[in-house]
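Structure record follows, encoded as C-alpha coordinates.
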Amino acid sequence: MKTEEWRDRLTLLLTMLALMWLVEAADRMLGSWFEPDQWGIVPRQWRGLGGLLISPFLHADWGHLAANTVPFLVLGGLLLTRGMAQFLQVTVLVAGLGGLCVWLLGPGGTVHIGASGLIFGYFGFLLVAGLVEGSWTSLFIALGVGFLYGSLIWGVLPGEPGISWQGHLFSLLAGGFAGWGKRNREPAIRLE
(Lines of atoms letter the chains of each structure in order from A and count residues from 1; the text may use other names and numbers.)
(Lines give C-alpha, C1' and ligand atoms only; values in the text may rest on other atoms or scores of the structure.)
Protein backbone atom coordinates (compact mmCIF):
# COMPACT_ATOMS: atom_id res chain seq x y z
CA MET A 1 0.00 0.00 0.00
CA LYS A 2 1.22 3.46 -0.83
CA THR A 3 2.31 5.90 1.85
CA GLU A 4 -0.27 8.42 0.62
CA GLU A 5 -3.09 5.94 1.28
CA TRP A 6 -1.96 5.40 4.87
CA ARG A 7 -1.55 9.13 5.36
CA ASP A 8 -5.09 9.76 4.07
CA ARG A 9 -6.53 7.08 6.37
CA LEU A 10 -4.69 8.42 9.39
CA THR A 11 -5.72 11.97 8.49
CA LEU A 12 -9.40 10.94 8.38
CA LEU A 13 -9.24 9.24 11.78
CA LEU A 14 -7.34 12.09 13.43
CA THR A 15 -9.62 14.70 11.85
CA MET A 16 -12.68 12.97 13.30
CA LEU A 17 -11.01 12.86 16.70
CA ALA A 18 -9.88 16.49 16.47
CA LEU A 19 -13.45 17.52 15.64
CA MET A 20 -14.67 15.75 18.78
CA TRP A 21 -12.10 17.62 20.89
CA LEU A 22 -12.87 20.96 19.20
CA VAL A 23 -16.60 20.61 19.80
CA GLU A 24 -15.96 19.82 23.48
CA ALA A 25 -13.61 22.80 23.78
CA ALA A 26 -16.24 25.07 22.23
CA ASP A 27 -18.85 23.61 24.57
CA ARG A 28 -16.68 24.41 27.60
CA MET A 29 -15.68 27.90 26.41
CA LEU A 30 -19.08 29.09 25.19
CA GLY A 31 -21.09 27.57 28.02
CA SER A 32 -24.88 27.57 27.99
CA TRP A 33 -24.99 29.71 24.85
CA PHE A 34 -23.63 26.86 22.71
CA GLU A 35 -24.87 23.63 24.38
CA PRO A 36 -24.15 21.15 21.55
CA ASP A 37 -25.12 18.17 23.73
CA GLN A 38 -28.79 18.95 23.09
CA TRP A 39 -28.17 18.07 19.42
CA GLY A 40 -27.74 14.37 20.18
CA ILE A 41 -30.23 11.61 19.46
CA VAL A 42 -33.50 12.42 21.22
CA PRO A 43 -35.80 9.38 20.99
CA ARG A 44 -38.97 9.92 18.98
CA GLN A 45 -38.45 13.68 18.66
CA TRP A 46 -38.00 15.01 15.13
CA ARG A 47 -35.17 17.28 16.26
CA GLY A 48 -33.41 14.16 17.56
CA LEU A 49 -33.01 12.67 14.09
CA GLY A 50 -30.24 15.17 13.34
CA GLY A 51 -28.25 13.54 16.12
CA LEU A 52 -27.89 10.30 14.17
CA LEU A 53 -24.76 11.52 12.40
CA ILE A 54 -23.52 14.24 14.76
CA SER A 55 -23.96 12.60 18.17
CA PRO A 56 -20.58 10.76 17.95
CA PHE A 57 -18.89 14.17 17.99
CA LEU A 58 -20.70 15.37 21.14
CA HIS A 59 -19.60 14.45 24.67
CA ALA A 60 -20.87 15.22 28.17
CA ASP A 61 -17.49 16.41 29.46
CA TRP A 62 -13.72 16.01 29.10
CA GLY A 63 -13.74 12.71 31.01
CA HIS A 64 -16.35 11.23 28.67
CA LEU A 65 -14.32 12.30 25.64
CA ALA A 66 -11.03 11.09 27.11
CA ALA A 67 -12.55 7.67 27.87
CA ASN A 68 -13.63 7.35 24.22
CA THR A 69 -10.42 8.62 22.63
CA VAL A 70 -8.10 5.59 22.82
CA PRO A 71 -10.71 2.93 21.90
CA PHE A 72 -11.85 5.13 19.00
CA LEU A 73 -8.26 5.42 17.73
CA VAL A 74 -7.46 1.71 18.18
CA LEU A 75 -10.67 0.22 16.80
CA GLY A 76 -11.07 2.90 14.13
CA GLY A 77 -7.45 2.39 13.12
CA LEU A 78 -7.93 -1.36 12.83
CA LEU A 79 -11.03 -0.82 10.74
CA LEU A 80 -9.11 1.59 8.51
CA THR A 81 -6.61 -1.18 7.69
CA ARG A 82 -9.47 -2.64 5.65
CA GLY A 83 -9.65 0.52 3.53
CA MET A 84 -11.15 3.98 3.56
CA ALA A 85 -14.38 2.87 1.83
CA GLN A 86 -14.96 0.07 4.37
CA PHE A 87 -14.35 2.48 7.25
CA LEU A 88 -16.81 5.03 5.89
CA GLN A 89 -19.46 2.39 5.14
CA VAL A 90 -19.28 0.90 8.62
CA THR A 91 -19.20 4.34 10.26
CA VAL A 92 -22.31 5.53 8.41
CA LEU A 93 -24.15 2.23 8.97
CA VAL A 94 -23.36 2.16 12.69
CA ALA A 95 -24.24 5.82 13.22
CA GLY A 96 -27.32 5.60 11.00
CA LEU A 97 -28.81 2.19 11.85
CA GLY A 98 -27.65 2.08 15.46
CA GLY A 99 -28.77 5.68 15.96
CA LEU A 100 -32.13 5.05 14.31
CA CYS A 101 -32.78 2.13 16.67
CA VAL A 102 -31.94 4.39 19.63
CA TRP A 103 -34.27 7.04 18.22
CA LEU A 104 -37.09 4.51 17.84
CA LEU A 105 -36.59 2.46 21.01
CA GLY A 106 -34.62 4.60 23.47
CA PRO A 107 -36.29 5.95 26.60
CA GLY A 108 -38.19 9.21 26.21
CA GLY A 109 -36.79 12.39 27.69
CA THR A 110 -33.16 11.40 27.09
CA VAL A 111 -30.38 12.66 24.82
CA HIS A 112 -27.82 10.15 23.54
CA ILE A 113 -24.33 11.44 22.71
CA GLY A 114 -20.74 10.23 22.43
CA ALA A 115 -18.35 8.28 20.25
CA SER A 116 -18.98 5.09 22.21
CA GLY A 117 -21.63 4.13 19.67
CA LEU A 118 -18.98 4.10 16.95
CA ILE A 119 -16.60 2.25 19.26
CA PHE A 120 -19.15 -0.49 19.94
CA GLY A 121 -20.02 -0.63 16.23
CA TYR A 122 -16.38 -0.95 15.18
CA PHE A 123 -15.90 -3.62 17.86
CA GLY A 124 -18.92 -5.58 16.58
CA PHE A 125 -17.81 -5.30 12.97
CA LEU A 126 -14.22 -6.39 13.62
CA LEU A 127 -15.33 -9.37 15.73
CA VAL A 128 -18.00 -10.66 13.39
CA ALA A 129 -16.08 -10.00 10.16
CA GLY A 130 -13.06 -11.76 11.64
CA LEU A 131 -15.10 -14.81 12.54
CA VAL A 132 -17.04 -15.15 9.27
CA GLU A 133 -14.73 -13.80 6.60
CA GLY A 134 -12.43 -16.79 6.32
CA SER A 135 -9.14 -14.87 6.45
CA TRP A 136 -6.39 -15.53 8.97
CA THR A 137 -5.62 -11.82 9.22
CA SER A 138 -9.25 -10.94 10.04
CA LEU A 139 -9.43 -13.78 12.55
CA PHE A 140 -6.23 -12.62 14.24
CA ILE A 141 -7.60 -9.06 14.46
CA ALA A 142 -10.90 -10.36 15.86
CA LEU A 143 -9.08 -12.36 18.53
CA GLY A 144 -6.93 -9.35 19.45
CA VAL A 145 -9.95 -7.04 19.59
CA GLY A 146 -11.83 -9.58 21.70
CA PHE A 147 -8.89 -9.89 24.09
CA LEU A 148 -8.28 -6.13 24.41
CA TYR A 149 -11.86 -4.88 24.39
CA GLY A 150 -13.98 -7.92 25.27
CA SER A 151 -15.10 -6.24 28.49
CA LEU A 152 -17.02 -3.73 26.34
CA ILE A 153 -19.75 -6.32 26.13
CA TRP A 154 -20.86 -5.36 29.66
CA GLY A 155 -21.66 -1.88 28.33
CA VAL A 156 -24.69 -3.21 26.44
CA LEU A 157 -26.46 -4.12 29.67
CA PRO A 158 -28.63 -1.70 31.64
CA GLY A 159 -26.84 -0.49 34.69
CA GLU A 160 -25.08 2.77 35.29
CA PRO A 161 -27.38 5.81 35.13
CA GLY A 162 -26.42 8.30 32.45
CA ILE A 163 -24.84 5.65 30.20
CA SER A 164 -26.65 4.89 26.95
CA TRP A 165 -26.62 1.12 27.04
CA GLN A 166 -29.18 1.29 24.21
CA GLY A 167 -26.70 3.19 22.05
CA HIS A 168 -24.02 0.64 22.87
CA LEU A 169 -26.28 -2.33 22.15
CA PHE A 170 -27.78 -1.08 18.89
CA SER A 171 -24.40 0.11 17.60
CA LEU A 172 -22.80 -3.23 18.45
CA LEU A 173 -25.59 -5.01 16.57
CA ALA A 174 -25.30 -2.63 13.58
CA GLY A 175 -21.53 -3.24 13.44
CA GLY A 176 -22.07 -6.98 13.73
CA PHE A 177 -24.64 -6.79 10.93
CA ALA A 178 -22.09 -5.02 8.73
CA GLY A 179 -19.49 -7.67 9.66
CA TRP A 180 -21.91 -10.48 8.80
CA GLY A 181 -22.07 -9.06 5.29
CA LYS A 182 -18.37 -9.93 4.91
CA ARG A 183 -18.93 -13.66 5.33
CA ASN A 184 -17.28 -15.91 2.83
CA ARG A 185 -20.14 -17.41 0.86
CA GLU A 186 -17.87 -19.98 -0.75
CA PRO A 187 -17.29 -23.15 1.26
CA ALA A 188 -13.78 -23.40 2.73
CA ILE A 189 -13.41 -26.88 1.23
CA ARG A 190 -15.15 -27.71 -2.02
CA LEU A 191 -16.21 -31.35 -2.39
CA GLU A 192 -16.93 -32.55 -5.89
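All residue numbers for the sequence shown refer to this note's numbering, where the first residue is 50 and numbers rise by one.
Ideal Cβ positions, reconstructed from N, Cα and C, are used throughout, including at glycine.
Selection from the options that minimises the alpha carbon distance to residue i
| i | options | result |
| --- | --- | --- |
| residue 88 | 78, 104 and 183 | 104 |
| residue 56 | 133, 113, 84 and 72 | 133 |
| residue 193 | 154, 124, 139 and 99 | 124 |
| residue 198 | 185, 169, 181 and 111 | 169 |
| residue 84 | 97, 109, 95 and 154 | 109 |
| residue 156 | 63, 97 and 196 | 97 |
| residue 117 | 216, 167, 196 and 126 | 167 |
| residue 162 | 202, 64 and 217 | 217 |
| residue 111 | 75, 202, 65 and 61 | 75 |
| residue 90 | 160, 63 and 115 | 160 |
Status (buried if at least 16 other CB within 10 Å, exposed otherwise) for residue i
| i | result |
| --- | --- |
| residue 69 | buried |
| residue 165 | buried |
| residue 187 | buried |
| residue 189 | exposed |
| residue 58 | buried |
| residue 209 | exposed |
| residue 225 | buried |
Same chain, Cβ closer than 7 Å to residue i, five either side skipped, listed in chain order
| i | result |
| --- | --- |
| residue 219 | 147, 150 and 151 |
| residue 131 | none |
Spatial distance of residue i from residue j (CA atoms)
| i | j | result |
| --- | --- | --- |
| residue 179 | residue 227 | 12 Å |
| residue 184 | residue 171 | 18 Å |
| residue 204 | residue 213 | 9 Å |
| residue 101 | residue 72 | 16 Å |
Own chain residues within Cβ distance below 8 Å of residue i, not counting five before or after
| i | result |
| --- | --- |
| residue 54 | 133 |
Residues near residue i by beta carbon distance below 6 Å, same chain, minus five either side
| i | result |
| --- | --- |
| residue 136 | 128 and 129 |
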